[in-house]
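**Student:** Numbering (the numbering used here), first residue to last: 3 to 423.
Cβ atoms here follow ideal geometry from the backbone N, Cα and C, with glycine treated the same way.
None of the values given here were measured: they were computed from a predicted structure.
1) From which residue to which residue does the alpha helix (DSSP H) around residue 265 run?
2) Whole angstroms are fine: how far does the CA of residue 290 sit from the CA of residue 140?
3) So for residue 117, helix, strand or coil by DSSP?
4) Check whether the segment 194 to 211 touches the segment 160 to 175, taking contact to mean three or more Cβ pairs, one atom from each stretch, closer than 8 Å.
5) Give me the residue from 211, 415, 245 and 202 with the minimum Cα distance to residue 230.
6) Using a Cβ-Cβ cutoff of less than 7 Å, which residues in the same chain neighbour residue 41 once the five nearest sequence positions on both sides are dropped?
7) Which residue marks the beginning of the alpha helix (DSSP H) containing residue 81, and which one marks its end?
8) Taking the alpha helix (DSSP H) that residue 150 falls in, what are its first and last residues?
9) Are residue 66 and residue 84 touching if we call contact CB-CB under 8 Å?
10) Go through its chain and collect everything with a Cβ distance to residue 376's Cβ below 8 Å, but skip five positions before and after it.
11) If you compare alpha carbons, which of 12, 77 and 310 is closest to residue 402?
12) Starting from the Cα of residue 186, find the closest Cα among 199, 193, 320 and 413 and give me that residue.
13) I need the straight-line Cα distance from residue 359 to residue 387, nearest angstrom please.
14) Where in the segment 339 to 366 do unbroken runs of the beta strand (DSSP E), each at least 3 residues long, occur, reported from the N-terminal end onward?
15) State the DSSP-derived secondary structure class of residue 392, mapped to helix, strand or coil.
16) Using three-state DSSP, classify residue 418 as helix, strand or coil.
17) Anyone know if the C-beta pair for residue 218 and residue 212 falls short of 8 Å?
18) Once the 5 residues before and after residue 235 are set aside, which same chain residues still bring their CB inside 6 Å of it?
19) Looking only at its chain, what residues have a beta carbon closer than 7 Å to the beta carbon of residue 334, apart from the 5 residues adjacent to it on each side?
20) Specify, as a first and last residue, the run of the alpha helix (DSSP H) that residue 139 falls within.
21) Specify the secondary structure class of residue 407 as computed by DSSP and reduced to three states.
22) In whole angstroms, what separates the C-alpha of residue 3 from that of residue 251?
23) With which residues is residue 316 paired in a DSSP beta bridge?
24) Which same chain residues, not among the five before or five after residue 284, have their C-beta less than 6 Å away from its C-beta?
25) So residue 182 and residue 127 are in contact, right, with Cβ under 8 Å, and what is the actual spacing, rounded?
26) Which first and last residues belong to the alpha helix (DSSP H) in which residue 29 is found?
27) Residues in the same chain with beta-carbon distance under 6 Å from residue 86, minus the five sequence neighbours each way, listed in chain order, please.
28) Please state whether DSSP places residue 424 in a helix, a strand or coil.
29) Taking the C-alpha atoms as reference points, what is the distance between residue 74 and residue 418?
30) Taking the C-alpha atoms as reference points, what is the distance between residue 426 and residue 278?
31) Could you have a look at residue 178 and say whether DSSP puts it in helix, strand or coil?
32) What is the rounded straight-line gap between the Cα of residue 17 and the Cα of residue 27?
33) Since residue 254 is in the alpha helix (DSSP H), which residue starts that stretch and which ends it?
34) Rounded to whole angstroms, what's the CA-CA distance from residue 373 to residue 167? Just pull it up for me.
35) Excluding the five sequence neighbours on either side, which residues of its own chain have a C-beta within less than 8 Å of the C-beta of residue 258, listed in chain order?
36) Here's the rule: buried if 16 or more other CB atoms are within 10 angstroms of the residue's CB, otherwise exposed. What is residue 90?
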């Protein structure tokens, strides 16, 4: 008969604390999986229900300044995210104390720990796959639009700079995505899970470092995933270090549990295989459609250089002129048409635009007040020539522009070369 080894009190307390802490924190991961799978962008009902209690806790305990009236209700590197994490930590401490006081007879939590690790492993695997596929199908950091490409480097924040340099080299993004997907998929088999933990450590260290040093507002979430990874890898560290550092023979065998009834075991295995596959399939298909749509949007982008700007008289292209345009850009983001006007200092004014092809008008607007909207009649005077007639800053104007090929930008013309001289 196998000897039952009772856990030390410190082990029991540690399990209870991490069970509550990590278990509650997976709420964010489950929300992410559902949101990404079914395309529920900016969908906040998952968190809205916590706004009032979080506000009360912050006023009486945490004092971070969280105010649901002006702060977002989605956890990230923001007030809500900080209160979200502090609340889970507080619940974990209180829950551990109560659990320890009420449950003193349990000798061990071997079975509970096993199933909790299975749950956490699948959660981490799904999140890694979801983030991997949006890099393999390069949509997480899309190729920069023309307004971004024409923005001087020093005017970008670190976050924007990271997104742009990843988007400019889709091959590198795809490579990092393949690593994330591989790490995630390895976690779905108990035979390859330790290899998955090791690969995940490498992947997540890179992700956490980029998020911290480039100020990406998901630092806390990536650290959360890294903690999951360390928790799952911890039981194997002694044997792995013995093998890699001291050349010892090591075994990664461990006790595992299964349902005693065959049909329950088969149903469980079926669920572990089918449910992730369904989520992966739906999500991947949605990402692919988004990518195809984005590619068509990129092809519709336009750059126009203003050749002649008439307001009573023809205005010369002086840098000091506050009325004249230098360039007009047409782009689109998430289905919203964007027009960007560059003045003579190349400062940008952003507008949404609507085109009436029957009346031959284009309307620029940046707020709901229709009295402030700019309506221009447009015409194509000849191939690659475009003209607008209307009012700008209260002045009647006529603007003649010439199309500039987007591929003429140096960054778009540059090709990969093995030999550069």
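**Tutor:** This is what the structure holds:
1) 264 to 301
2) Residue 140 and residue 290: Cα-Cα distance of roughly 9 Å.
3) helix
4) Flag = no, the segment 194 to 211 and the segment 160 to 175 do not touch.
5) 202
6) Once the five neighbours on either side are set aside, the close Cβ partners of residue 41 are 288.
7) First-last of the alpha helix (DSSP H) with residue 81: 81 to 104.
8) 148 to 151
9) The Cβ atoms of residue 66 and residue 84 lie closer than 8 Å to each other.
10) These residues qualify, in order along the chain: 353, 365, 366, 367, 392, 393 and 394.
11) 310
12) 199
13) 17 Å
14) With a minimum length of 3 residues, the continuous beta strand (DSSP E) runs that stay inside the segment 339 to 366 are 350 to 358.
15) Three-state result, residue 392: strand.
16) coil
17) It is a contact, given that the beta carbons lie within the stated cut-off.
18) Cβ neighbours of residue 235 beyond the five flanking positions: 199.
19) 299, 302 and 340
20) Unbroken run through residue 139: none, as it is neither H nor E.
21) coil
22) Because the pLDDT at residue 3 is just 41, under 50, the model does not fix this residue reliably, and the value given afterwards should be weighed accordingly. Cα to Cα, residue 3 sits roughly 27 Å from residue 251.
23) 312
24) 39
25) Actually they are not in contact, since the Cβ atoms of residue 182 and residue 127 sit about 10 Å apart, beyond 8 Å.
26) Per DSSP, residue 29 belongs to the alpha helix (DSSP H) from 11 to 39.
27) Cβ neighbours of residue 86 within its own chain (closer than 6 Å, five residues either side excluded): 77.
28) The displayed coordinates of the chain run from 3 to 423. Any statement about residue 424 would go beyond what the structure contains.
29) 42 Å
30) In this structure the chain extends from 3 to 423, so residue 426 is not present and cannot be described.
31) helix
32) Put simply, the backbone Cα of residue 17 is about 15 Å away from that of residue 27.
33) Unbroken run through residue 254: none, as it is neither H nor E.
34) 40 Å
35) Annotation for residue 258: 116 and 192 place their beta carbon closer than 8 Å to its own, counting only its chain and skipping 5 residues before and after.
36) buried
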